[in-house]
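Counted from 1, the sequence shown has number 331 at position 304 by our numbering; the numbering is strictly sequential.
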Amino acid sequence: MNPRALWESLAQNPTVLAIWAARIVGVVVLTALLGYALRRLGRARDRLASFFQRALHRRGGGLVERSADILYRAVRTLLGVVRVAVSLGVVYLWLASVTIILDPSRRLFGLVVAPLVSAFETVGTAAVDFIPHLMMLVVIVAVARFATRMTHVFADAVTEGDIELSWLDADAVEPTRRLVTIAIWLLALVMGAPYLPGSHSRAFQGIGLAVGVLVSLGSGSAAGNLLAGLVLMYARVFRPGDRIKIGETVGDVVALGAFTTRLRTIKDEEIVIPNSIVQQSAVTNFSRYAREAGVQISTRITIGYETPWRKVHELLLRAARSTDGIETTPAPYVLQRALGDFYVTYEICAFSKNSRELHLVEARLCQAIQDSFFAEGVEICSPHYTSLRDGSRAAIPPQAHASPEGSVAPRRPGSPSPTSAATSSAT
Numbered sequence: 028m029n030p031r032a033l034w035e036s037l038a039q040n041p042t043v044l045a046i047w048a049a050r051i052v053g054v055v056v057l058t059a060l061l062g063y064a065l066r067r068l069g070r071a072r073d074r075l076a077s078f079f080q081r082a083l084h085r086r087g088g089g090l091v092e093r094s095a096d097i098l099y100r101a102v103r104t105l106l107g108v109v110r111v112a113v114s115l116g117v118v119y120l121w122l123a124s125v126t127i128i129l130d131p132s133r134r135l136f137g138l139v140v141a142p143l144v145s146a147f148e149t150v151g152t153a154a155v156d157f158i159p160h161l162m163m164l165v166v167i168v169a170v171a172r173f174a175t176r177m178t179h180v181f182a183d184a185v186t187e188g189d190i191e192l193s194w195l196d197a198d199a200v201e202p203t204r205r206l207v208t209i210a211i212w213l214l215a216l217v218m219g220a221p222y223l224p225g226s227h228s229r230a231f232q233g234i235g236l237a238v239g240v241l242v243s244l245g246s247g248s249a250a251g252n253l254l255a256g257l258v259l260m261y262a263r264v265f266r267p268g269d270r271i272k273i274g275e276t277v278g279d280v281v282a283l284g285a286f287t288t289r290l291r292t293i294k295d296e297e298i299v300i301p302n303s304i305v306q307q308s309a310v311t312n313f314s315r316y317a318r319e320a321g322v323q324i325s326t327r328i329t330i331g332y333e334t335p336w337r338k339v340h341e342l343l344l345r346a347a348r349s350t351d352g353i354e355t356t357p358a359p360y361v362l363q364r365a366l367g368d369f370y371v372t373y374e375i376c377a378f379s380k381n382s383r384e385l386h387l388v389e390a391r392l393c394q395a396i397q398d399s400f401f402a403e404g405v406e407i408c409s410p411h412y413t414s415l416r417d418g419s420r421a422a423i424p425p426q427a428h429a430s431p432e433g434s435v436a437p438r439r440p441g442s443p444s445p446t447s448a449a450t451s452s453a454t
């Protein structure tokens, strides 16, 4: 029947027309009620979530506040799931009501709603047996996520100083967080694997066997480096930014990774050392005490016996005090290390808090020592001269002692120095 014939038939029968008009109005009203119900469900979820959030945040900040944020997100997610379930039920009631209104004989209901109901029943029947396993998986994942969130909250609290732990250094918080997170999810995977679909099939068992073989073959050295990295991290041997010496390698720690330690030398070279080698080597940390009193630097010089040792001490201390980068407290000091056949060995010791520029401070100290001794006309002896020399001449650059105002010109004793005499006799 075409629409025009249908309209003429309805026009000739006012009762049928009124019935269809009522049905259409009923459908419109139900549709409006459906939209209103869905909007109210959304608002109800938001209000409940906001109320729960305010209730949680009344207990203060810090760790409690971070835990409240996690619980709030969990409750909001749960309310969202409830809203979706209720919305599906409301839509089903709307669809069933509309089909019954439009066709009281329920033939339209059988054509539209019944297949949907049958499909849902089939899916539901297939999923009923999996529901216990699914619930266990949901519980395992939820517990793992909650534990991960709480780990992050705890780590943030330690980093920001809300919680103080004597056994956990601030630099070790982030690696510890990652390790704990990995351990949590590995444990969750082990616990949840038996509940996965097909977990008892041969294919699943074959995959597990292959993964186990690969891990066992490639994890020997990796596990050793990982354990060594954990030992180095929790033993607080060094931290990023420290100037250290491993074997013959000196550099600044760029990163202490899970498997390797990366150093940056004074020549801007990056050296990667496996953690197992670092653990087996002697590690010298120049920065550990430099943050407090400073790290000690020293250099040795040899001066002839004709120069009084008190004068040498005075010149060495003067050079140390004039060197940029050397601390005045603790004060520098001088040691006499040896009384040789031809000279006395002196060692100047000083302290510097700039552990990352020790090589530059030592270089400036040597320069200051040369300037100080040459200005006073004191010769810094070499171990031996290998050729004849004029005993009346000193090995001092002329400009070194001539330029300073009030300086003293070098003078030699009347007799040859022990170095010159020994060299001449040997020659």
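The beta-carbon is built from N, C-alpha and C at its ideal position, and this holds for glycine as well.
Express the C-alpha separation of Leu216 and Gln232 in angstroms, rounding to a whole number.
15 Å
Close-in-space but distant-in-sequence residues of the same chain around Thr326 (CB under 8 Å, 5 per side omitted):
Glu374, Ile375, Glu389, Leu392, Cys393 and Ile396
Taking the continuous beta strand (DSSP E) assigned at Lys272, which residues delimit it?
Arg270 to Ile273
Can you check the stretch 331-406 for any alpha helix (DSSP H) of at least 4 residues that lies completely inside it and give the ranges in chain order?
336-348 and 385-402
Tell me whether Gly107 is buried or exposed, calling it buried when 16 or more other Cβ atoms sit within 10 Å of its Cβ.
exposed
Where does Pro142 fall in DSSP's three states?
helix
For Glu201, the nearest candidate out of Glu191, Asp351, Met218 and Ala182 (CA to CA)
Ala182
One question on the structure: do Leu259 and Leu290 come within less than 8 Å of each other, judged by their Cβ atoms?
no
In three-state terms, what does DSSP make of Pro22?
Nothing about residue 22 can be reported from this structure: the residues present for the chain run from 28 to 454 only.
DSSP three-state call for Leu195: helix, strand or coil?
coil
Can you name, in chain order, every residue of its own chain whose Cβ lies under 6 Å from the Cβ of Val339, other than the five neighbours on each side?
Ile330 and Tyr373
Collapsed DSSP secondary structure at Ser325 in the structure displayed
strand
For Ser399, which residues in the same chain have their Cβ closer than 7 Å to its Cβ, ignoring the five residues on either side in sequence?
Leu342, Arg345 and Ala346
So does the stretch 247-255 actually touch the stretch 296-310, counting three or more Cβ pairs closer than 8 Å?
yes
Less than 8 Å separating the beta-carbons of Pro357 and Ala309?
no
Using the Cα positions of Gly268 and Ile293, report the straight-line distance between them to the nearest angstrom.
13 Å
Contact under 8 Å by Cβ, Leu195 with Thr203
yes
For Arg70, count neighbouring Cβ atoms within 10 angstroms of its own Cβ and tell me buried if that reaches 16, exposed if not.
exposed
Between the alpha carbons of His160 and Ala237, how many angstroms are there, rounded?
25 Å
How is the beta strand (DSSP E) around Ala282 delimited, first residue to last?
Thr276 to Leu283
Among Gly367, Asn381 and Arg337, nearest to Ala361 - alpha-carbon criterion
Reading off the sequence, residue 361 comes out as Val, not Ala. Closest by alpha carbon: Arg337.
Would you mind sorting Ala377 into buried or exposed? The rule is 16 or more other CB atoms within 10 Å of its CB.
buried
Write down the C-beta distance between Ile298 and Gly278 rounded to the nearest angstrom, noting that I regard them as a contact closer than 8 Å.
6 Å
Could you check if Tyr370 is buried or exposed, using at least 16 other CB atoms within 10 Å of its CB as the buried criterion?
buried
Can you name, in chain order, every residue of its own chain whose Cβ lies under 6 Å from the Cβ of Thr350, other than the five neighbours on each side?
Arg391, Leu392 and Ala395
Between which two residues does the beta strand (DSSP E) holding Ile190 run?
It is not in any beta strand (DSSP E) - Ile190 carries neither H nor E in the DSSP assignment.
In whole angstroms, what separates the C-alpha of Val165 from that of Ser77?
25 Å
Quick check: the Cα distance between Ala174 and Ile167, rounded to an integer number of angstroms?
10 Å
Excluding the 5 residues preceding and the 5 following Trp212 in the sequence, name in chain order all residues of the same chain whose CB lies nearer than 8 Å to its CB.
Ala171 and Thr175
Going by Cα to Cα distance, which pick from Glu403, Val56, Tyr332 and Tyr261 is closest to Gln306?
Tyr261
Is the beta carbon of Val322 closer than 8 Å to that of Ser248?
no
Roughly how many angstroms lie between the CA atoms of Ser124 and Gly239, to the nearest whole one?
57 Å
Go through its chain and collect everything with a Cβ distance to Thr149's Cβ below 6 Å, but skip five positions before and after it.
none
Give the C-beta separation of Leu68 and Arg110 to the nearest angstrom, bearing in mind that I take them to be a contact with Cβ-Cβ under 8 Å.
5 Å
Is the CB-CB distance between Arg383 and Arg270 below 8 Å?
yes
Cα-Cα separation between Leu387 and Thr311, rounded to whole angstroms
19 Å
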